[in-house]
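Taking the numbering used here, the leading residue of the sequence shown gets 64, the next gets one more, and so forth.
Even for Gly, the Cβ is constructed at its ideal location relative to N, Cα and C.
Notes to accompany the following structure.
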Amino acid sequence: MKCSGEENFTRGSITPYGNIEMSPGAGILNYGQGLLEGLKAQRTEDGRVLLFRPEENAERMKIGAERMCMRSPSTEQFVEAVKQTVLANKHWVPPPGKGSLYIRPLLIGTGPVLGLEPAPEFTFLIYVSPVRNFHTGPLNLVIEDTIHRATPGGTGGIKTVTNYSPVYKARALAKAKGFSDVLFLDAVTKKNIEELSSCNIFIVKDDVISTPATHGTILPGITRKSIIEIALSLGYQVKERVIPVEDLLEADEVFCTGTAVVLNPVFSVTYQNKRVEYKIGAEAVYKKLYVMLTGIQTGRIEDNMGWTVEVD
Ligand code: PMP
């Protein structure tokens, strides 16, 4: 049975930001049939506007669409639509060092469907918003072992809109206790770390960098993938593996990655009332990775990886 595949989304147009109309029976409203993506456009010192690996977002959306029984745009159509949207909003891309233009593609079931079936019609849309650089300072995380964001065979490995609803309560509880965010464990053994509410996690021990292998319950972040490739290019050993909580508690450094947070150091983790602190600052491994990643994204460092796409 094939319920997904590529669709040529026609009738595309650039319209002023505003509400959209859909049937009360829309698949997205009733059954959460929807995918989101997130990427950024950055302005360089010499005035160019760069996207970072947009084809990776397109590919991730296609994989998500297959799992969600949705028809999705081709990679070419996705990237072209992102470019056109950014081009039409070029004046909103902040100057270098002042932030970026956040781009939010959505693929949603907008056709009406009363029974539990894929929506008969899908809408692919993109909206953008200027955002400041994310400055929270080092994070203080708490490990959550009763609420889970993903289970094996579920949708944790794709970017469906419904992945975020299991997270609200855990985050609210953590924030009420003064933590910055929640670190989720695997739902089966409750022994291994997975990821935060909206970013991936890395640990560093004796200069070896490790991150949980994704295995379908962790979102394969594009920043995660890029950090792995940067770390390897800088000569670090990188392991994608199962990471028990004990390894996290014994790590030298911990950091998380994502389009919004870029690369954010973790200062402390609290697990069953035990609090552990990590190395932060100029000498840390994560700093070198951060400098390289943001250098490429903003055009300050030559992009030998071929990751950036100019919008013109
Ligand atoms: N995990 C989750 C659950 C996320 O929502 C995100 C943000 N997309 C990430 C990880 C990081 O992914 P990326 O680096 O592609 O932004």
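Assuming residue i contacts residue j (C-beta within less than 8 angstroms), just tell me the rounded distance between them.
| i | j | result |
| --- | --- | --- |
| N263 | T223 | The pair is not a contact, with the Cβ atoms about 17 angstroms apart (cut-off 8 angstroms). |
| L326 | Y353 | 5 angstroms |
| L170 | L98 | 5 angstroms |
| D270 | V329 | In fact, because the Cβ distance is near 17 angstroms, the residues do not count as touching under 8 angstroms. |
| K351 | L297 | 6 angstroms |
| P215 | G279 | 6 angstroms |
| I281 | I126 | Actually they do not touch by this definition, with Cβ atoms about 14 angstroms apart. |
| Y190 | Y80 | 6 angstroms |
Going by the C-beta, is residue i closer than 6 angstroms to any heavy atom of the ligand PMP?
| i | result |
| --- | --- |
| N263 | yes |
| G321 | yes |
| L282 | yes |
| E309 | no |
| I285 | yes |
| E258 | yes |
| G95 | no |
| G178 | no |
| G369 | no |
| G160 | no |
| G101 | yes |
Using a threshold of 7 angstroms, state whether the C-beta atoms of residue i and residue j are closer than that.
| i | j | result |
| --- | --- | --- |
| N71 | E100 | no |
| F265 | I272 | yes |
| I91 | G172 | yes |
| L236 | I206 | no |
| L204 | D244 | yes |
| R234 | S261 | no |
| V149 | V372 | no |
| V194 | G162 | yes |
| E129 | S67 | yes |
| P136 | F187 | yes |
| W370 | R134 | no |
| C132 | P181 | yes |
| V112 | V176 | no |
| L164 | A239 | no |
| G362 | T107 | yes |
| A314 | K342 | no |
In whole angstroms, what is the alpha-carbon distance linking residue i and residue j?
| i | j | result |
| --- | --- | --- |
| L356 | H211 | 30 angstroms |
| I306 | E122 | 27 angstroms |
| I293 | G174 | 42 angstroms |
| L102 | T225 | 19 angstroms |
| P275 | E316 | 15 angstroms |
| I364 | T333 | 36 angstroms |
| L202 | V339 | 12 angstroms |
| V84 | G178 | One point to set straight first is that residue 84 is Glu, not Val, in the sequence displayed. Distance between the alpha carbons of E84 and G178: 21 angstroms. |
| D109 | K153 | 14 angstroms |
| A345 | F318 | 14 angstroms |
| D208 | V301 | 27 angstroms |
| E303 | E258 | 13 angstroms |
| D377 | T277 | Given a span of 64 to 375 for the chain in the structure shown, any question on residue 377 remains unanswerable. |
| K253 | G219 | 16 angstroms |
| F141 | T73 | 12 angstroms |
| A213 | N93 | 21 angstroms |
| G95 | G88 | 11 angstroms |
| K337 | I291 | 29 angstroms |
| I359 | S86 | 43 angstroms |
| E118 | Q335 | 41 angstroms |
| S289 | M368 | 10 angstroms |
| I151 | F185 | The identity of residue 151 in the sequence shown is Ala, whereas the question assumes Ile. Distance between the alpha carbons of A151 and F185: 23 angstroms. |
Could you say if the stretch 310 to 327 and the stretch 283 to 291 meet the contact criterion of at least three C-beta pairs nearer than 8 angstroms? They touch, by the three-pair rule.
Using 8 angstroms as the Cβ pair cut-off and three pairs as the minimum, do the stretch 157 to 170 and the stretch 138 to 145 touch? Taking 8 angstroms as the limit for Cβ pairs, the verdict is that the stretch 138 to 145 does touch the stretch 157 to 170.
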